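Okay, structure first, notes after.
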Amino acid sequence: LVVLIIALQLITLAGVSTNAYFTHLNKARIQATQRVMVETQKSLGTTILFMDEMQALKEEQEEKTRPLLAGESAPDFNLLDETANNVSIASFKGSKILLVFSQEGCGYCDLYYPNLKEFMSQREDIKVVVMQLNSTPEENKEFKEKHDLQKAIVLAATSEQMISYKVKGTPTSVLLDKEGVVLGSQNVIKLDELKTFVEIAGT
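Heads up, the final residue of the sequence shown is numbered 311 in my numbering, and it's a clean run with no missing numbers.
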C-alpha cells in the first residue's frame, strides 16, 4: 500500500512537472508571438504613415500642376506696368481680360505676338494684359514697341504669378470675366486657336 501511494505521488508529481514545463514553453511561445505582433504593428504603422505622406505629397503636387478651373477667382497681383504704375486685378473690373504669360527668349512667344496683335484688333472688348516674366517697366516699354503691341498692357511679372496661376510654360493665356473670375486657361499660339479658346471659354 505504501509503495502504491508513493507511486501515485510520483505520477502526480511527474504530471504537474510536465504540465508546468509545457506551460512554460507555451508562455515563451506566446511572448515571442506577442513580440512579433508588436514589431509587425510598428512596422505596418510606419509603412502606413509613409504611404499616407506619399499620398498627401502626390495630391499636393497634382493640385500645384493642375490648371486653374473655370469659376475660380483669379489670384490677385500688384505689379508695375510699362509706365511704372501699380496694376491689380481690380484695375480691370468691368472688362474681360486676357492674361498672356510670356517671357524674353521664348520662341513660341515670338510666334504668338503677331497673332495676339491681330486678335486685339478684332476683339477690342477684351483687354489684353501681357504678364512678362522677370522684366522691368523699361524693358516692357521696349517690348511693346518691338512687337507693336501698343494696345496691350505689359506687366513686370514674377514667378509668384506663374505659380499662383499654375502656368506650366509660356505662352499661356488665361481668360477672366468682368468680375475677375477665371473662364479658362490654355496654351495657344495660332490666331484661330486663340479665337476658339476665347469663344468657348467665354460662353
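All C-beta atoms, glycine included, are put in the ideal place defined by N, C-alpha and C. Since the structure is predicted, the reported quantities are computational estimates derived from the model, not experimental observations.
For residue i, the first and last residue of its enclosing beta strand (DSSP E)
i, result
"residue 291", "290-294"
Closest residue to residue i among the options (Cα-Cα distance)
i, options, result
"residue 217", "137, 197 and 240", "240"
"residue 175", "299, 300 and 275", "275"
"residue 214", "277, 284 and 246", "277"
"residue 203", "300, 143, 288 and 109", "288"
"residue 190", "121, 310, 120 and 251", "251"
"residue 243", "301, 304 and 187", "187"
"residue 183", "272, 234, 148 and 221", "272"
"residue 262", "201, 179, 195 and 142", "195"
"residue 192", "245, 137, 258 and 223", "245"
Buried or exposed by the 16-neighbour rule on C-beta atoms within 10 Å, applied to residue i
i, result
"residue 330", "In this structure the chain extends from 109 to 311, so residue 330 is not present and cannot be described."
"residue 237", "buried"
"residue 306", "buried"
"residue 160", "exposed"
"residue 309", "buried"
"residue 304", "exposed"
"residue 270", "buried"
"residue 155", "exposed"
"residue 267", "exposed"
"residue 279", "buried"
"residue 177", "exposed"
"residue 281", "buried"
"residue 205", "buried"
Presumed contact (8 Å Cβ cut-off) between residue i and residue j, rounded CB distance
i, j, result
"residue 265", "residue 228", "Wrong, their Cβ atoms sit about 19 Å apart, outside the cutoff."
"residue 291", "residue 284", "6 Å"
"residue 219", "residue 297", "5 Å"
"residue 320", "residue 197", "What the structure shows of the chain is the stretch from 109 to 311, and residue 320 is not part of that stretch, so it cannot be assessed."
Residue ranges of each alpha helix (DSSP H) run of no fewer than 4 residues wholly in the region 182-237, ordered along the chain? Here the runs fully enclosed are 215-230.
List in chain order: all unbroken beta strand (DSSP E) runs of 3+ residues lying wholly within the region 251-303. Taking only runs of at least 3 residues, the beta strand (DSSP E) segments lying wholly in the region 251-303 are 261-265, 280-284 and 290-294.
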